[in-house]
Structure formats: structure tokens, C-alpha cells
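Enquirer: In this note's numbering, the protein residues as written are 3 to 101.
From the three backbone atoms N, C-alpha and C, an ideal C-beta is built for every residue, glycine too.
The structure displayed is predicted, hence computed values, not measured ones.
Questions regarding the structure given below will be posed in turn.
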Amino acid sequence: IAWSRQQWPDQFSIALVAVGGYGRGELLPHSDIDLLILTRKEKHTAYKEAISGFLTLCWDIGLEIGQSVRSVKQCQQEAAKDITVATALMESRAITGAP
Numbered sequence: 003i004a005w006s007r008q009q010w011p012d013q014f015s016i017a018l019v020a021v022g023g024y025g026r027g028e029l030l031p032h033s034d035i036d037l038l039i040l041t042r043k044e045k046h047t048a049y050k051e052a053i054s055g056f057l058t059l060c061w062d063i064g065l066e067i068g069q070s071v072r073s074v075k076q077c078q079q080e081a082a083k084d085i086t087v088a089t090a091l092m093e094s095r096a097i098t099g100a101p
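See below:
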């Protein structure tokens with residue numbers, strides 16, 4: 003609901019992806035919720051206000067969010083440099099949107 007309340011400049015160029023324990027479906031009490039906000043473009047400035055509003059709403063209701071905002075290309079670059087990023091992406095699942 004928090005995601006759908008935001009005014010996304012181009013809703014077909016952004017997606018919300020669960021990563022980490024949340025992506026694996028292994029949330030435990032007091033776990034943080036690891037999210038990847040995935041965009042088609044490397045410049046995220048058009049989405050800055052909507053992303054901020056989404057995260058603020060999540061924090062306001064008491065969720066502990068671990069977030070990253072990356073383009074598909076940036077995900078590929080980070081995964082090539084860091085095995086933990088690669089593993090997190092392999093264990094991810096789409097929540098909503100279409101990058």
C-alpha cells in the first residue's frame with residue numbers, strides 16, 4: 003500500500019524487490035526488511051521524492067528497512083565486484099513494479 007500511494011514519474015521503469023532474508027522468505031521476529039528499488043535508468047533523481055515518501059511511510063509505521071536504489075546495470079556491476087550482492091540478487095523476488 004505504501005508503494006502504491008506514491009506518485010511515480012514512470013511506474014513502468016521502477017520495481018520493488020525483496021532481497022536478503024525477506025527475498026528468501028525467511029523473515030524472523032525483529033528482522034529488518036531488505037529492499038532493492040530497481041530502476042531502468044542509472045539516474046534516480048526523477049524518483050527521489052517518491053522513494054523518500056515510500057521509505058518515510060515504512061519507517062513511520064515502525065518497519066526496519068534496509069534499502070538500496072540501483073539500476074539494472076548498477077546491480078550487474080556491484081554483483082561482479084561483491085559476492086554478497088550477487089548472492090542477494092540470486093535470492094531476490096519481485097514484489098511490485100516493472101524495471
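Name the residue from A48, K43, V74 and L38 whose alpha carbon lies nearest to the alpha carbon of L57.
Expert: Here the closest residue by C-alpha is L38.
Enquirer: Give me the residue from S54, K43, R95 and E66 with the minimum Cα distance to L30.
Expert: With distances taken between Cα atoms, L30 lies closest to E66.
Enquirer: Under DSSP, the beta strand (DSSP E) around Q69 begins and ends at which residues?
Expert: Run containing Q69: I67 to S73, per the beta strand (DSSP E) assignment.
Enquirer: According to DSSP, what are the bridge partners of T98?
Expert: For T98, which the question treats as bridged, DSSP gives the partners L18.
Enquirer: Starting from D62, trace the alpha helix (DSSP H) in both directions and tell me its first and last residue.
Expert: K50 to D62 is the extent of the alpha helix (DSSP H) around D62.
Enquirer: Can V21 and A90 be called in contact, C-beta distance under 7 angstroms?
Expert: Cβ atoms of V21 and A90: closer than 7 angstroms.
Enquirer: Can you round the beta-carbon distance between S73 and E44 to whole angstroms, since I take them to be within the 8 angstroms contact cut?
Expert: So it is a contact: roughly 4 angstroms between Cβ atoms.
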